[in-house]
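To start, the structure itself, in structure tokens.
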């Protein structure tokens, strides 16, 4: 259950001509890239996806150009319904044929299955792309891709990075409350808090950690909350935790003030809603006030 070798993860690659490598145990080649972003979404979230497509996520030829020229892959990630070839799955297939921006996972969708979905995402992404970083973000969060890329580029020489807004919330033993932890007894006395872990709205991990999840996923324990599960998988490893508060800015006016001061946020959302409150209606406004300059993404030095 060892971590993968760090030999290749410290090399700085160029992405103008996607190099490919053979994935161990597979006949498929993987595209070498800088970062892979998986936007967690649900069958019922079409309007959320469209709000992102209309703001911070490039579309069509621009999405492909982003991959080829900058090594940045962005996909909505979603599994399947419990019923094979259901109307829900067919709707996603139709949407994907139009936009070509989905990553389908071997996973049965369900709110209480987010930890399993996280494992499925990292494992699938590692099989498909040889990236330096892998990022998970929710579909009600605003992201500045160029600023995110520049932030991660600062850590590319380090082998095991876990970056996000680190927190330590209370372990909730009571049933019928949001974020109830059935295994509360494992965290000690009542009233204890979780260990530090990145908040689930957005976080990034480096290549070796994504490989670690992929290799060991059958024996990685899943707690009730997805972000706690991820933190638990790393707690006993030699991992550098990076607490970057630019990855959890508030929506306007907070992120707007920071942008005006030249300190553009990586990501913005409302803590009270665990995402942007009413994101379908507000994403355009957040993007207009807090979005990076259009040239930032294409000029990012990565």
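Residue numbers (UniProt numbering): 1 to 302.
The C-beta atom is built at its ideal place from N, Cα and C for all residues, glycine as well.
In the DSSP output, which residue or residues are listed as bridge partners for residue i?
i, result
"residue 80", "108"
"residue 40", "77 and 138"
"residue 116", "Paired residues: none, contrary to the question."
"residue 72", "35"
Under a three-way DSSP split, which group does residue i fall into?
i, result
"residue 289", "helix"
"residue 281", "helix"
"residue 102", "strand"
"residue 268", "strand"
"residue 87", "helix"
"residue 121", "helix"
"residue 198", "strand"
"residue 296", "helix"
"residue 54", "coil"
"residue 302", "coil"
"residue 276", "coil"
"residue 64", "helix"
"residue 204", "strand"
"residue 97", "helix"
"residue 59", "coil"
"residue 261", "coil"
Which residue wins for smallest C-alpha separation from residue i, given the options the options?
i, options, result
"residue 220", "68, 80, 77 and 119", "119"
"residue 125", "293, 167, 205 and 65", "205"
"residue 102", "81, 84, 73 and 86", "73"
"residue 104", "30, 229 and 90", "90"
"residue 292", "256, 280 and 270", "256"
"residue 277", "141, 223, 145 and 34", "141"
"residue 183", "157, 240 and 224", "224"
"residue 88", "110, 68 and 230", "110"
"residue 366", "62, 64 and 69", "Nothing can be reported for residue 366, as the shown portion of the chain is limited to 1 through 302."
"residue 218", "233, 264 and 31", "233"
"residue 160", "242, 262 and 229", "242"
"residue 189", "197, 198, 196 and 173", "173"
"residue 299", "71, 53 and 43", "71"
"residue 227", "288, 167, 155 and 107", "167"
Taking residue i and residue j to be in contact with their CB atoms under 8 Å, please state how far apart those CB atoms are, rounded to whole angstroms.
i, j, result
"residue 121", "residue 57", "Contact flag wrong, Cβ pair sits at about 17 Å."
"residue 48", "residue 41", "7 Å"
"residue 202", "residue 137", "4 Å"
"residue 249", "residue 258", "6 Å"
"residue 171", "residue 194", "6 Å"
"residue 266", "residue 148", "5 Å"
"residue 123", "residue 214", "4 Å"
"residue 128", "residue 79", "Not quite, the Cβ-Cβ distance comes to about 15 Å (not below 8 Å), so this is no contact."
"residue 211", "residue 132", "With a Cβ gap of about 12 Å, residue 211 and residue 132 do not count as contacting."
"residue 146", "residue 297", "4 Å"
"residue 43", "residue 81", "7 Å"
Cβ-heavy atom distance between residue i and the ligand MG below 6 Å?
i, result
"residue 235", "Absence of the ligand MG is noted for the structure shown, with no ligands found whatsoever."
TODO: Tell me the start and end of each unbroken beta strand (DSSP E) in the segment 206-253 that is at least 3 residues and wholly inside, in chain order.
DONE: Runs of the beta strand (DSSP E) inside the segment 206-253: 240-243.
Task: Minimum length 4: unbroken alpha helix (DSSP H) runs contained in the segment 134-196 - done: 145-153
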